[in-house]
Amino acid sequence: MEVSYFSEVNFGRLCLPCDLNQIYTIQANCCEDIDSKIHDLKLVLDDWRKFKELSANNASSKWSPLSWRAPQKCIA
Numbered sequence: 029m030e031v032s033y034f035s036e037v038n039f040g041r042l043c044l045p046c047d048l049n050q051i052y053t054i055q056a057n058c059c060e061d062i063d064s065k066i067h068d069l070k071l072v073l074d075d076w077r078k079f080k081e082l083s084a085n086n087a088s089s090k091w092s093p094l095s096w097r098a099p100q101k102c103i104a
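Here the working numbering runs 28 ahead of the position in the sequence shown, where the first position is 1.
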């Protein structure tokens, strides 16, 4: 068996700012309860959809003015 390490740059954290162009997954370990986690992850999903739509419409640019609205209920 071979062990591989992934770069942390590709793992976003819900309670920390991250580059939307680089992340592949989000972790939400900073949430105190499941209701807060679900609320904030729904915001992330909505923001991600908007980001992908903007990226598709402006494929030549890697910059986007869109940023996460979360966390709102989870601790920062």
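For every residue, glycine included, the Cβ atom is placed at its ideal position computed from N, Cα and C.
R77 (DSSP reduced to helix, strand or coil):
Assignment of R77 by DSSP, reduced to helix, strand and coil, places it in the helix class.
With a threshold of 16 other CB atoms inside 10 Å of the CB of L42, please say whether the residue is buried or exposed.
L42 is buried by the Cβ-count criterion.
List the whole-angstrom C-beta distance separating E60 from I103, where the pair is believed to meet the contact cut-off of C-beta under 8 Å.
6 Å between Cβ atoms; contact.
Need the endpoints of the beta strand (DSSP E) that F39 sits in, please.
Bounds of the beta strand (DSSP E) holding F39 are F39 to R41.
Taking the CB atoms as reference points, tell me whether F79 and Q55 lie closer together than 8 Å.
Contact flag unset, no.
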